[in-house]
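Engineer: Here the protein sequences come in this chain order: A and B.
Using the working numbering, the letters of the first sequence map in sequence onto residues 11 to 353.
Using the working numbering, the letters of the second sequence map in sequence onto residues 11 to 353.
Before I ask anything, let me first share the structure, which is written out below as structure tokens.
2 protein chains.
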Amino acid sequence: MTLDERKKRILWAIIQDYIATAEPVGSRTLARKYKLGVSSATVRNEMADLEEMGFLEQPHTSAGRVPSHRGYRFYVDHLMQPEKLQDSEKELVRVSFETKVKMISEVIQRTGQLLTQLSSYTAMVVSPCASRTRLRHIQLVPMSRGQAMLLVVLEPGIVQHRMMELPPDLTVGDLEMISRVVNEKIKGSQMSDLKLTIIREIYAELLRHKSLVAMMMDLIEDSSRSKEDRIYLGGIFNILNEPEFNNVERVKTLLGILEQEELICNILNDQDQPGVNVRIGSEISCEDIKDCSMIGANYEVDGQRIGSIAVLGPTRMQYAKAISVVEYLTANLNEIMSKMYRS
Amino acid sequence: MTLDERKKRILWAIIQDYIATAEPVGSRTLARKYKLGVSSATVRNEMADLEEMGFLEQPHTSAGRVPSHRGYRFYVDHLMQPEKLQDSEKELVRVSFETKVKMISEVIQRTGQLLTQLSSYTAMVVSPCASRTRLRHIQLVPMSRGQAMLLVVLEPGIVQHRMMELPPDLTVGDLEMISRVVNEKIKGSQMSDLKLTIIREIYAELLRHKSLVAMMMDLIEDSSRSKEDRIYLGGIFNILNEPEFNNVERVKTLLGILEQEELICNILNDQDQPGVNVRIGSEISCEDIKDCSMIGANYEVDGQRIGSIAVLGPTRMQYAKAISVVEYLTANLNEIMSKMYRS
DNA sequence: ATTAGCACTCTCACGAGGTGAGTGCTAACT
DNA sequence: AGTTAGCACTCACCTCGTGAGAGTGCTAAT
């Protein structure tokens, strides 16, 4: 399935134009506007061929042509060239990340904001997910009578907390002691190892508090397995400016999707390839947004994937720009995260 | 400004009908449907009076009447009676909160979900805000070389964390020691007291680590002042079912508002009166949602306000139901929070 | 292989006419 | 004096027909 140069040129021009105007594009306009050097009739013939090959579609006879999903795919893979970010945009990113950010959640949020701002589409960011990581620290903090808060710090700097009921005869000293012992034992161990040897050792050392420790272990496991990936969504408002969302029904289905955090997480986490990932229409495994495209990437620390970012827009998306934005922000994010959690 | 019984009856019927149908209501339908016992002509006269008094409005001559903001206000204050929750609905709330919830953020989220589900409008919940509370615990957790994580636990069970750069010659033992000393000093002190006496004492005791401690104090203050109230929004999708949002422009402005977390927080926090709070149209201090109403309440522990919940819907809202829902959930929330953080 | 020309198709904007729900006013009724 | 029936009038909305405009496919000439 190769296209000759002229067909490529024409397909490129059609997609370019449709992305810009959202109107079906006709042969006459095209030939004139893009100085193709041939007449509209020739273009018409080529367009008919391209349609037959599945790269274009016609909303109805005697309207112009519109790119098909396959057309966009070809465009992204072979025709388009990424549109570098402006210096002013790079500057914006630099400034946003420069002001000392001290918490993961802040970084996530900033990233999301930049993502929408620069792409003008909807941004999605999932923050580090906890499973399969190491334990860094645990801490029991006495709260009111009979209660304590269990703090769990996981490897890439995720903090989780849980409330615990305490047996009545426990002193503050006990809590500290338990924290200390457990910390020593678990230091640097994988979550998966916990179950076996270590728990026994801890039990042995803390016989008196056996039931409490059991409860703690439950909670620790619970929190490390917790799917509560924090998710940032932004610029939903942005995407409504696109003419394809001039129809309330569409907006409704889109919002319906976006509110299902778990679904979004799954879609975002479903990116295996390294680098920037473009999914067009039905390539996103979600029926309801088959007229959207999604550009995403994973970010990582020490080569280990810890989260993903993505933008969501109509299939008629400014791929060239959006891809560059995602790429640039991922690189920045990798750097920042590595700096925060170099180990 | 008092209304005779018949006028009240008619106003009530109009609002009731308009809430149900979203159509301007006319005299004939009204007289028949609500068995007013008088003819449509009489009703017509009364309606003209009510309009003159500012309780009704006419979209155009020869359409029916529509309640004005003032009309809704009168309805809420004098005509309506709260619609108790069904047993099945109460059961739903009970079940949702019963499964052991261990984190504030979970409670917040559940509450939000219930709020939309029961009211079928958009739900907003702001979680406990940190300012003006006591410090419960701080902890330095060594992370990678040269870095530590500072955990700050505030009174109502809010946990914040920050990354810190460390001077190179610090040992793990030092960190623990510092944590212990600082904890002892600050135990139970108000944030506002920190600046003065306590810091001096800590300095005196930790002379060697003066610069580190200064940095810690900065971060602690920063985190306690942090406006990062966690906010839950849900059911945006829900509200789009209302016919008033059949217009994309409206949806856009609404979403524009909802994305400004800070603005939402301010609006939610702007509730002084105890109990359920009804704000109609322009009574919400935000120009862009002057055709919405908001029903909110604060929730508290030991009489101290720690957050708020609210639902947002069109001014043509099921006040009777929504008010009951907010009331019921606030009561539940108060109870749960008190149980979690009884002191 | 390319192009000019032409008939054909389909959408969209516009205006006219009809319909129906609702109003205000007046005069008659209790 | 309050209530009601009757009537003329208003206005949004639906439908239908028409014409303009943009675009296509096909054919014949270059």
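Beta carbons are placed, not taken as given, at the ideal position from N, Cα and C, and that holds for glycine.
A quick note: this is a predicted structure, and the numbers were derived from the prediction, not measured.
Quickly, what does DSSP pair A/Cys302 with across the bridge? List them, please.
Structural biologist: Looking at the DSSP assignment, A/Cys302 forms a beta bridge with A/Pro324.
Engineer: Name the residue from B/Ala330, B/Arg289, B/Glu345, B/Leu343 whose alpha carbon lies nearest to the alpha carbon of B/Leu322.
Structural biologist: When only C-alpha atoms are compared, the closest one is B/Arg289.
Engineer: Would you please verify whether the beta carbon of A/Gly323 is less than 8 Å from any beta carbon of chain B?
Structural biologist: For A/Gly323, the answer is no, since every Cβ of chain B falls outside 8 Å of its Cβ.
Engineer: Check whether the region 84-102 of chain B and the region 324-336 of chain B are in contact - that is, three or more C-beta pairs closer than 8 Å.
Structural biologist: The region 84-102 of chain B vs the region 324-336 of chain B: in contact.
Engineer: Distance, Cα to Cα, A/Arg54 vs A/Glu252?
Structural biologist: Spanning the two alpha carbons is a distance of roughly 28 Å.
Engineer: What are the start and end residues of the beta strand (DSSP E) that includes B/Thr132?
Structural biologist: 132-136 is the extent of the beta strand (DSSP E) around B/Thr132.
Engineer: Counting only Cβ pairs nearer than 9 Å, list the residues of chain B close to A/Arg146.
Structural biologist: Per Cβ cutoff of 9 Å: Val151, Pro152, Met153, Met159.
Engineer: Does DSSP put B/Ala73 in a helix, a strand or coil?
Structural biologist: Three-state DSSP puts B/Ala73 in coil, outside helix and strand.
Engineer: What are the boundary residues of the alpha helix (DSSP H) that A/Tyr28 is part of?
Structural biologist: Here the alpha helix (DSSP H) through A/Tyr28 covers 15-31.
Engineer: For the region 24-40 of chain A against the region 63-82 of chain A, do three or more pairs of beta-carbon atoms, one drawn from each stretch, fall closer than 8 Å, so that the two count as touching?
Structural biologist: Touching, yes, given that three or more Cβ pairs across the two stretches are closer than 8 Å.
Engineer: Out of A/Asp312, A/Leu185, A/Ile277, A/Arg83, point me to the one whose CA is closest to A/Gly156's CA.
Structural biologist: When only C-alpha atoms are compared, the closest one is A/Leu185.
Engineer: With burial defined as no fewer than 16 other Cβ atoms inside 10 Å of the residue's Cβ, what is the status of A/Asp27: buried or exposed?
Structural biologist: A/Asp27 comes out buried.
Engineer: Alpha carbon to alpha carbon, how far is A/Ala214 from A/Ile196?
Structural biologist: Cα-Cα distance, rounded: 14 Å.
Engineer: Quick one: give me the first and last residue of the beta strand (DSSP E) that B/Arg245 is part of.
Structural biologist: It should be noted that the sequence gives Gly, not Arg, for residue 245 of chain B. Note, B/Gly245: premise wrong, no beta strand (DSSP E); not H, not E.
Engineer: Closer than 8 Å, CB to CB, is B/His219 near chain A or not?
Structural biologist: For B/His219, the answer is no, since every Cβ of chain A falls outside 8 Å of its Cβ.
Engineer: Among B/Leu222, B/Arg172, B/Ala23, B/Val163, which has the Cα closest to the Cα of B/Asp179?
Structural biologist: Nearest C-alpha to B/Asp179: B/Leu222.
Engineer: With a threshold of 8 Å between beta carbons, is B/Glu215 in contact with chain A?
Structural biologist: No, B/Glu215 lies away from the interface with chain A (no Cβ there is under 8 Å from its Cβ).
Engineer: Three or more C-beta pairs under 8 Å: does that hold for the region 79-87 of chain B against the region 103-119 of chain B?
Structural biologist: In short, these stretches do not touch, since the Cβ pair count stays below three.
Engineer: Can you grab the Cα-Cα spacing for the pair A/Thr325 / A/Met173, in whole Å?
Structural biologist: Going by the C-alpha atoms only, they are around 45 Å apart.
Engineer: Among the residues of its own chain, which have a CB less than 6 Å from the CB of B/Ile294, if the five just before and after it don't count?
Structural biologist: So the qualifying residues of the chain are Met304.
Engineer: For the beta strand (DSSP E) holding B/Leu176, just list the boundary residues, first then last.
Structural biologist: That residue, B/Leu176, is in no beta strand (DSSP E); it is neither H nor E in DSSP.
Engineer: At what residues does the alpha helix (DSSP H) containing B/His79 begin and finish?
Structural biologist: First-last of the alpha helix (DSSP H) with B/His79: 79-84.
Engineer: Output the distance between the C-alpha atoms of B/Pro152 and B/Met159, rounded to the nearest integer angstrom.
Structural biologist: The alpha-carbon atoms of B/Pro152 and B/Met159 are separated by roughly 6 Å.
Engineer: Taking A/Leu265 as the query, report the chain B residues whose CB atoms sit under 7 Å from its CB, ordered along the chain.
Structural biologist: In chain order: Ile246, Phe247, Leu250.
Engineer: Assuming B/Tyr299 contacts B/Ile267 under a Cβ cut-off of 8 Å, what Cβ separation, rounded to an integer in Å, is found between them?
Structural biologist: Contrary to the premise, residue 299 of chain B reads as Ile rather than Tyr in this sequence. Confirmed, about 6 Å.
Engineer: Measure how close the beta-carbons of B/Leu21 and B/Leu339 come, nearest whole angstrom, since I'm counting them as under 8 Å.
Structural biologist: Their Cβ separation, rounded to whole angstroms, is 29 Å, which puts B/Leu21 and B/Leu339 out of contact at 8 Å.
Engineer: Drop a sphere of 10 angstroms on the beta-carbon of A/Arg120, count the other beta-carbons inside from all chains shown, and report buried for 16 or more, exposed for fewer.
Structural biologist: By the neighbour-count rule (16 or more Cβ atoms within 10 Å), A/Arg120 is buried.
Engineer: With 16 other CB atoms within 10 Å as the buried threshold, where does A/Glu165 fall?
Structural biologist: That one is buried.
Engineer: Flag A/Glu231 as yes if its beta-carbon sits less than 8 Å from any beta-carbon of chain B, otherwise no.
Structural biologist: So, not an interface residue.
Engineer: For A/Arg19, which of A/Thr31, A/Ala320, A/Pro69, A/Tyr44 has the nearest alpha-carbon?
Structural biologist: Of the listed residues, the one whose Cα sits closest to A/Arg19 is A/Tyr44.
Engineer: Take the Cβ of B/Val162 as the centre, count every other Cβ of all protein chains shown within 10 Å, and call the residue buried at 16 or more, exposed below.
Structural biologist: Counting Cβ neighbours within 10 Å, B/Val162 comes out buried, since at least 16 surround it.
Engineer: What is the residue span of the beta strand (DSSP E) that B/Met63 lies within?
Structural biologist: It is not in any beta strand (DSSP E) - B/Met63 carries neither H nor E in the DSSP assignment.
Engineer: For A/Asn279, tell me which candidate among A/Lys262, A/Gly291, A/His171, A/Ile241 has the shortest Cα-Cα distance.
Structural biologist: That would be A/Ile241, whose Cα lies nearest to the Cα of A/Asn279.
Engineer: Would you grab the beta carbon distance between A/Tyr57 and A/Leu46 for me? Rounded to a whole angstrom, and I think it's under 8 Å.
Structural biologist: Going by the sequence as given, residue 57 of chain A is Met instead of Tyr. Between A/Leu46 and A/Met57 the Cβ distance is about 11 Å, and since that is not below 8 Å, they are no contact.
Engineer: Measure the alpha-carbon distance for B/Ser353 versus A/His171 and round it to whole angstroms.
Structural biologist: Reliability fails at B/Ser353, whose pLDDT of 49 lies under 50, so the model's placement of it is uncertain and the value that follows must be treated cautiously. The alpha-carbon atoms of B/Ser353 and A/His171 are separated by roughly 18 Å.
Engineer: Rounded to whole angstroms, how far is the Cβ of B/Arg146 from the Cβ of B/Ser199, which I believe are closer than 8 Å?
Structural biologist: Actually they do not touch by this definition, with Cβ atoms about 10 Å apart.
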